[in-house]
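In the working numbering, the protein residues as written are 90 to 289.
Glycine included, every Cβ here is placed at the ideal spot set by N, Cα and C.
Have a look at the structure below before the remarks.
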C-alpha cells in the first residue's frame, strides 16, 4: 500500500472574495476576505489581516575548532512593546532577500552585520515563522568561519546599531534555557547545530 500524504487526506479550497490594502508604508498590510471549503464539505467565510514584508534568510556562523558561534544583538521595537524591557534581542545574522538569492542575502548580511566575508553556505531548511498573519518564509543557512574571514568592522548600515557577539556554543544553548535568547530563528539554528553534533 502506497503512503498517502497529509495534503491528500486534508484537502481544503480557498475562494478569494476581496483584497483590501490597509497600509503600504514599510511593508504591505492587506485585509483578505475568503470562503474556506473545509475537508468535510462545509464552507465558512473568514477575514484575515496579512502582513507581507517579503521573504528573508538567516545564517548561523560557527567554528568547530573554537566551538563558538557568531551572533548579533540589536534593537527590536516589537519585542519592547511586548515585555522585552530594553528592546534588545540576540539573533543570528538575517535580512530580507531584496530580490537577491537567499545565499547571496546571507553573505551580504554577514558582511554588513558582522564584517565576516562568508564563502560556501549550507541551506538547512526553510520555514514560515508566523503563518497566522505574516507571509514571510525564512531560508535557514549555516557556515563555518575562521578569524581570517573577519575583514570589516560590521555593526550594520544606515540606521542599524548592531553589537557582534562571539559566544561559546554551550553558553549560547544555556542562554536559550535562561531566556537570554528568545529569537525563534536563532533558537532553531542553535538547536539544529546541537542535533547535528557540529560542536562534538
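Determine the DSSP secondary structure at residue 137, reduced to helix, strand or coil.
DSSP places residue 137 in strand when its eight states are reduced to three.
When you compare only the Cα positions, how much space is there between residue 261 and residue 172?
Whole-angstrom Cα-Cα distance: 22 angstroms.
If I follow the unbroken alpha helix (DSSP H) through residue 267, where does it start and stop?
First-last of the alpha helix (DSSP H) with residue 267: 258-267.
Please report the Cβ distance between residue 274 and residue 147, rounded to the nearest whole angstrom; I am assuming they are in contact, meaning their Cβ atoms lie under 8 angstroms.
Contact holds; Cβ gap of about 5 angstroms.
Please report how far the alpha carbon of residue 206 lies from the alpha carbon of residue 199, in whole angstroms.
So the two alpha carbons sit approximately 7 angstroms from each other.
At the level of alpha carbons, what is the spacing between residue 247 and residue 185?
Those two C-alpha atoms are separated by around 15 angstroms.
Please identify the residue among 164, 180, 237, 215 whose C-alpha is closest to the C-alpha of residue 208.
Considering only alpha carbons, the answer is 237.
Which ranges does the alpha helix (DSSP H) cover as unbroken runs of at least 4 residues, wholly within the segment 161-185, from first to last along the chain?
166-169, all fully within the segment 161-185.
Can you give me the C-alpha to C-alpha distance between residue 256 and residue 219, rounded to a whole angstrom?
Each residue's Cα considered, the two are about 28 angstroms apart.
Looking at C-alpha atoms only, which residue of 136, 133, 143 is the closest neighbour of residue 227?
Closest option to residue 227, Cα to Cα, is 143.
Kindly list the residues whose CB is nearer than 6 angstroms to the CB of residue 95, restricted to its own chain and excluding five residues on each side of it in sequence; keep chain order.
Note that residue 95 has pLDDT 48, beneath the 50 cutoff, so the model's placement of it is unreliable and the number below is only indicative. Contacts found: none.
Measure the CB-CB distance between residue 73 and residue 203 and report whether it falls below 8 angstroms.
Any answer about residue 73 is impossible in this case: the structure gives the chain only from 90 up to 289.
For the structure I just gave you, are there three or more beta carbon pairs, one from the segment 150-159 and one from the segment 104-111, closer than 8 angstroms?
Contact fails: fewer than three Cβ-Cβ distances are below 8 angstroms.
By the three-class DSSP mapping on this structure, what secondary structure does residue 95 have?
Reliability of the predicted coordinates at residue 95 is poor, the pLDDT of 48 falling under 50, and the value obtained from them is presented with this limitation in mind. Residue 95 falls in the helix class under three-state DSSP.
For residue 209, name the three-state secondary structure that DSSP assigns.
Here residue 209 sits in coil by DSSP.
Measure from the alpha carbon of residue 215 to the alpha carbon of each residue in 224, 229, 285, then state which is nearest.
The option with the nearest alpha carbon to residue 215 is 229.
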